[in-house]
Amino acid sequence: MTHPCPAALLFDLDDTLVLFDGTTKEAWTKTCALFAPEIGRDPQELYDAIRAHARHYWSDPDRHREGRLMLEEARRRLVIETLRKIGAPDDTFAARLADHYSALQESLIDFLPGVEETLAFFKGKGTRLALLTNGNAVLQRRKIERFGLDRFFSHFFVEGELGFGKPDPRVYERALAALNARPEEAWCVGDNLEWDVAGAQACGIFGVWKDTYRRGLGESPVRPDRIILELGELAESVGA
């Protein structure tokens, strides 16, 4: 199905434009392999303990919001709590391990397939682009600079700078105002069903879900207006 080219596109960042969650397993595995011998533990045991506690830690919405706004500090706290749980308390060691992970994980982040070509395509079409990203202001701005996203985007809306983030309607409203676009003229594209689809749809914006990890909708009540697996599908749908 082809669609008219939207006047405005609102893009998410992590796991929409750049690989983020997909770097965590490699980064934790390598970090645990390096640090586990220092405390006489098996690397897999340490990895499993950290990942199990991480699932618990990030499952709480309030803790998730607080943690993503202070991500490096949250990782230190997570590792400290994990080591205490497994009977190997050492807060200095835990902070060193967490910081090593943070640096390694950040180094593994890279563009997902077709991103630069797709952004260039829509910019060439005259579509106005804004980036809407939740998370820590310093870390998110570092990605924006590292990947040269100001080549494509005229406006950036970062949760850590605004004091609120998706799915707060103010984020989408500010983006639309900055791009001088009406809701019905805009698409919002991202990998999070609540933040990038449902929140946008509540404001009258066409919600495109990027199923980056091929997980499917499952039992989610959210119904995207469109589902894509790779960003290049957007350009194809408007007759690239």
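Residue numbering for the sequence shown follows the working numbering, beginning at 157 and increasing consecutively. Glycine residues also receive a C-beta, built at the ideal position from the N, C-alpha and C atoms.
Can you tell me which of the options puts its alpha carbon nearest to the alpha carbon of residue i?
| i | options | result |
| --- | --- | --- |
| arginine 302 | Leu173, Glu315, His159 | Leu173 |
| alanine 183 | Asp255, His209, Glu201 | Asp255 |
| arginine 207 | Val327, Thr238, Gln296, Lys279 | Thr238 |
| alanine 163 | Arg297, Ala342, Arg232, Lys322 | Ala342 |
| glutamate 201 | Arg211, Thr185, Trp214, Asp246 | Thr185 |
| glutamate 229 | Val271, Pro199, Gly291 | Gly291 |
Just to confirm, is the Cβ distance from residue i to residue j under 7 Å?
| i | j | result |
| --- | --- | --- |
| alanine 250 | isoleucine 265 | no |
| aspartate 306 | aspartate 171 | no |
| isoleucine 361 | proline 339 | yes |
| alanine 333 | histidine 311 | no |
| phenylalanine 167 | valine 345 | yes |
Just the C-alpha distance for residue i and residue j, rounded to the nearest angstrom, thanks.
| i | j | result |
| --- | --- | --- |
| glutamate 106 | arginine 382 | In this structure the chain extends from 157 to 396, so residue 106 is not present and cannot be described. |
| alanine 396 | phenylalanine 277 | Here alanine 396 scores only 45 on pLDDT, less than 50, and its place in the model should not be relied on; the value that follows carries that caveat. Each residue's Cα considered, the two are about 8 Å apart. |
| aspartate 367 | leucine 349 | 9 Å |
| tyrosine 328 | alanine 293 | 18 Å |
| phenylalanine 320 | asparagine 336 | 21 Å |
| arginine 140 | glycine 388 | As shown, the chain starts at 157 and ends at 396. That puts residue 140 outside it, with no answer to give. |
| alanine 286 | proline 217 | 26 Å |
| threonine 179 | cysteine 188 | 14 Å |
| leucine 373 | glutamate 194 | 42 Å |
Which residues does DSSP pair with residue i in a beta bridge?
| i | result |
| --- | --- |
| arginine 382 | Val364 |
| histidine 311 | Ala286 |
| phenylalanine 267 | Val174 |
| leucine 165 | Leu285, Trp343 |
What's the call for residue i, buried or exposed, on a 16-neighbour Cβ count within 10 Å?
| i | result |
| --- | --- |
| threonine 248 | exposed |
| leucine 253 | buried |
| leucine 385 | exposed |
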